[in-house]
Structures are given as C-alpha cells and as structure tokens.
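If you read the sequence shown in the working numbering, its first letter stands for residue 40, the second for the next number, and so on. Idealized CB from N, CA, C, for every residue including glycine.
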Amino acid sequence: MDIKPLPMTHWSGLDRKPLVIAGPCAAETEEQVLETARRMAGANVHYLRAGIWKARTRPGSFEGIGARALPWLRRAGAEFDLKTATEVAQPTHVELALKHGIDLLWIGARTTVNPFSVQELANALRGTDVPVLIKNPTSPDLALWIGAIERVHSAGVGALGVIHRGFSTSGKSSYRNEPMWNIVMELRQTMPKLPIITDPSHITGRRDLIQDISQRAMDFGIDGLMIETHPTPNQAWSDAAQQIMPERLGEILGQLHVRRSGTDDDSANRALAELREAIDQIDRNLLSVLTERLSVIKRIAEWKRAENVTPFQVARWNELLEDRVSLGSLLGLNEEYVKAIYKVIHREAVRQQNWIMDEEEPLDT
Ligand code: PEP
Ligand code: MN
Numbered sequence: 040m041d042i043k044p045l046p047m048t049h050w051s052g053l054d055r056k057p058l059v060i061a062g063p064c065a066a067e068t069e070e071q072v073l074e075t076a077r078r079m080a081g082a083n084v085h086y087l088r089a090g091i092w093k094a095r096t097r098p099g100s101f102e103g104i105g106a107r108a109l110p111w112l113r114r115a116g117a118e119f120d121l122k123t124a125t126e127v128a129q130p131t132h133v134e135l136a137l138k139h140g141i142d143l144l145w146i147g148a149r150t151t152v153n154p155f156s157v158q159e160l161a162n163a164l165r166g167t168d169v170p171v172l173i174k175n176p177t178s179p180d181l182a183l184w185i186g187a188i189e190r191v192h193s194a195g196v197g198a199l200g201v202i203h204r205g206f207s208t209s210g211k212s213s214y215r216n217e218p219m220w221n222i223v224m225e226l227r228q229t230m231p232k233l234p235i236i237t238d239p240s241h242i243t244g245r246r247d248l249i250q251d252i253s254q255r256a257m258d259f260g261i262d263g264l265m266i267e268t269h270p271t272p273n274q275a276w277s278d279a280a281q282q283i284m285p286e287r288l289g290e291i292l293g294q295l296h297v298r299r300s301g302t303d304d305d306s307a308n309r310a311l312a313e314l315r316e317a318i319d320q321i322d323r324n325l326l327s328v329l330t331e332r333l334s335v336i337k338r339i340a341e342w343k344r345a346e347n348v349t350p351f352q353v354a355r356w357n358e359l360l361e362d363r364v365s366l367g368s369l370l371g372l373n374e375e376y377v378k379a380i381y382k383v384i385h386r387e388a389v390r391q392q393n394w395i396m397d398e399e400e401p402l403d404t
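Encoded structure:
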C-alpha cells in the first residue's frame, strides 16, 4: 500500500528536528501534571504526554486515572503553551480524548499487536484530523507494524507517524526492549515519508541510558523523541526507573547532536561523491570476485557428482569458517560480521551444488 502521510511540519508546526514529546508515564494528580509542564518550560518540548488509561501487565497495579485526568492535561497544555498527547486503546478513549481537546493520540505497543483493536481504533478515527502515532508492536514483527499503519491510513488519517519503543526478546539484554534499529531502518526504506519518533524511555527502562539512545536516534536520522518525564521520578506510580526530571530532560536535549540529511557545501559534496565512486568500484570488484568463487564451486559440484559425495561437508565448513574468522580478525574485521557474510556465501554454495547434483545424470553411451 502506498502510504502518503502529511509532512510532520504540517501538523506539529515544527520546522526543525527533533519533535519532542515529554511528560509523565501516567497522569497521577493534577499538581504532578502541572508541575511537569511548568518545569519543562524552555526545554524545547512540543507536546506534553501523559498516560490516562494504562495497559498493565498484571491486574491490580495502577491502571491510570481515566477520563477525569483529561482536563488536567488540557489545563497544563494551555497554561504552559504545550500541545497535548495521550495513548488510546479503545474507541471510547478516542472519543473522550477528542472531546477534551487532546492534540495528538498514540496507539500503544500492546494494542498494535492486535489487528481487531487497531481496526476498531481506525474506525473511530475516521473523519477526524487528529495526528496519530503508532507504536511498534511488542514483538519484532515489521509486517504487523506495517499492517497497523495501513489500517489507520486507510481510515483517512493523514497526520500519521510511528513511535519506535523497542521490542521484547527472550535473550538477556541491558535494555528493557531491544532497539533493533535494523527493523526501524527497514520501515524507513519501505515508507520514506513516514515520521519516526524514538521512545528511549521504554527502550532502555533505565534513566541512565536515555541520553545514549536519544543520540543514537539522531544518528539514524530519526524525526523526534518521546521521553518520560516526572517531577519526582522515584515516586512515580508506574515506570519509576526510566522517568527523568524535567531539568535532566533539558540537559539531554541541549546536548544532542542533531544530524542533517545533507549539506549545501559544494566542495564537501564533491568529496563525498568521490568516496561514493570508490565504494561503487569496490562493490563491482566484490561482485566479480563472488562470481569467480561460484564458478569454482560449480566445478567442485561436478567433481562431487562424479564421485558421488555429499555437497555439504561439515568438517570442511567448520575449518573454513574458523580460518576466515581468524584471517578477518587479523585484518581488523569483526568476528560476527565475517561469520554472517560466510554463512550467506556458504548457503548459496550448497544451494548451487545441490542444484547441480540433482540435474539429470548424462546417459552413459
Ligand atoms: C507508554 O508510553 O507509557 C507506554 C505504555 O508505552 P508502550 O506502549 O510502548 O509500552
Ligand atoms: Mn510508561
């Protein structure tokens, strides 16, 4: 599906990156929401966020104040000149948030995983012009994320974007949710015009790593940040370990190196064009070396067919991999990188050999 979102500047009024959405994980009291907004003044924040309805993993934990907190958000936005944003998970949330003049809605990670829920939200959003951001699903499933984007886009939502909040994994990790930048870059490749906001709070789960992930997002050319901010983070009713004080948010934003997508400097552009020409030449050589390698593989396959020997030889493969990894490390190449390259090369070699071995044997004459 061809996704044509409105440029972010049209709905946010912002002419330079990053767009910043900040505020508490959840609205707890009117005073807390107001104090967050007051202390964020001057920090370059554009939207004040607060969760009103909280999807919690276990029942019995704080599930959000509910609609009663919507006027707090609205008041804090109006007093401190901030637009407002909240999470919606059900059509009634959309209706209530819009009734209270909330400026931006996002769909949470636990909702994006469910196409029925996303479709219900899309139906509720039809005919409105509110900006909507779709968080990635909790699992690293790009198709599921794209499906949710398509559902909301098909409902006529033009002011559309996504939030990258990391993915659950079963392995050990220093993050609450793995950032998996490759998935985000694949989304960018598929939908180049779709604004992407990174949420370092839910990626890291800990406040000391927020600066690092925020900078990483800028290095990847991400369009904005969503950062959980609380006046007394340690006392927060949810996500205490990852929330930061408004003053710390100001520091982090002030220290960001925001990358440009290009430059107008002619001599710098010429230097880059030369380097790119060098890369193009290297790649031409690389492909011709790979072709040469495959032609030897084919001769080996013919030998194996004649001798009736299996294409896959585990001892040879282990030996080859070990040799190339140690050669690579002498040359300064990362072990994982060399392994990954050789796995692809070897898979193709076996595939070609199987194909040659299975060809009709020539009839004996
Ligand atoms: C949130 O933004 O507070 C939230 C619940 O995030 P997520 O949907 O990414 O878990
Ligand atoms: Mn949270």
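Measuring from the CB of Ser253, is there a heavy atom of ligand 2 at a distance below 7 Å? Here the distance from the Cβ of Ser253 to the nearest heavy atom of ligand 2 is not below 7 Å.
So Ile266 and Leu172 are supposed to be a Cβ contact under 8 Å. How far apart are they, rounded? Between Leu172 and Ile266 the Cβ distance is about 14 Å, and since that is not below 8 Å, they are no contact.
Straight-line Cα distance separating Asp278 from Arg246: 10 Å
Trp145 - containing beta strand (DSSP E), residue span: Leu143 to Ile146
Tell me, which residues are paired with Leu87 by DSSP? Ala61 and Thr123
What residues in its chain sit with their C-beta under 6 Å from that of Thr404, if we drop five residues either side in the sequence? For Thr404, the pLDDT reaches just 46, beneath the cut-off of 50, and the residue's location in the model is therefore unreliable, although a value from the coordinates is still provided. Closer than 6 Å at the Cβ level, and outside the excluded window around Thr404, lies no residue.
Is it right to say Ala182 is buried, meaning 16 or more other beta carbons lie within 10 angstroms of its own, or is it exposed? exposed
Since Leu378 is in the alpha helix (DSSP H), which residue starts that stretch and which ends it? Inspection of the sequence shows that residue 378 is occupied by Lys rather than by Leu. Where Lys378 is concerned, the enclosing alpha helix (DSSP H) stretches over Glu374 to Asp397.
How would the residue list near ligand 2 read, in chain order, if you kept each one whose beta-carbon is closer than 5 Å to any heavy atom? Cys64 and Asp278
Do you know offhand how far Gln228's Cα is from Ile222's? 10 Å
Any idea if Asp41 is buried or exposed, counting beta-carbon neighbours within 10 angstroms, 16 or more meaning buried? exposed
Taking 8 Å as the cut-off, decide whether the C-beta atoms of Thr150 and Trp184 are in contact. no
May I ask you to check if the CB of Arg190 is nearer than 7 Å to at least one heavy atom of ligand 1? For Arg190, the distance from the CB to the nearest heavy atom of ligand 1 is not below 7 Å.
Going by other Cβ atoms of all chains shown within 10 Å of its Cβ, with 16 needed for buried, is Met79 buried or exposed? buried
Drop a sphere of 10 angstroms on the beta-carbon of Pro239, count the other beta-carbons inside from all chains shown, and report buried for 16 or more, exposed for fewer. buried
Whole-Å CB distance - Leu233 paired with Val191, under 8 Å assumed: The beta carbons of Leu233 and Val191 sit about 11 Å from each other, so the pair does not count as a contact at 8 Å.
Is His37 helix, strand or coil when you go by DSSP? Any answer about residue 37 is impossible in this case: the structure gives the chain only from 40 up to 404.
Verify whether the separation of the beta carbon atoms of Gly200 and Asn216 is less than 8 Å. no
Within the continuous alpha helix (DSSP H) that includes Lys337, where are the two ends? Counting along the chain, the unbroken alpha helix (DSSP H) around Lys337 starts and ends at Asp305 to Glu346.
Neighbourhood of Ile146 by C-beta distance below 8 Å, restricted to the same chain and skipping five residues each side: Apart from the 5 residues on each side of it in sequence, Ile146 sits with its Cβ closer than 8 Å to the Cβ of Glu126, Val127, Ala128, Val157, Leu160, Val171, Leu172, Ile173, Lys174, Ala187 and Val191 in its chain, given in chain order.
When every heavy atom of ligand 1 is checked, does at least one fall within less than 7 Å of the C-beta of Gly105? no
Rounded C-beta distance between Pro63 and Thr271? I'm assuming under 8 Å. Incorrect: roughly 10 Å between the Cβ atoms, too far for contact.
Determine the DSSP secondary structure at Leu109, reduced to helix, strand or coil. helix
Helix, strand or coil: how does DSSP classify Thr271 here? coil
Grouping DSSP H, G and I as helix and E and B as strand, with all else coil, what is Ile42? coil
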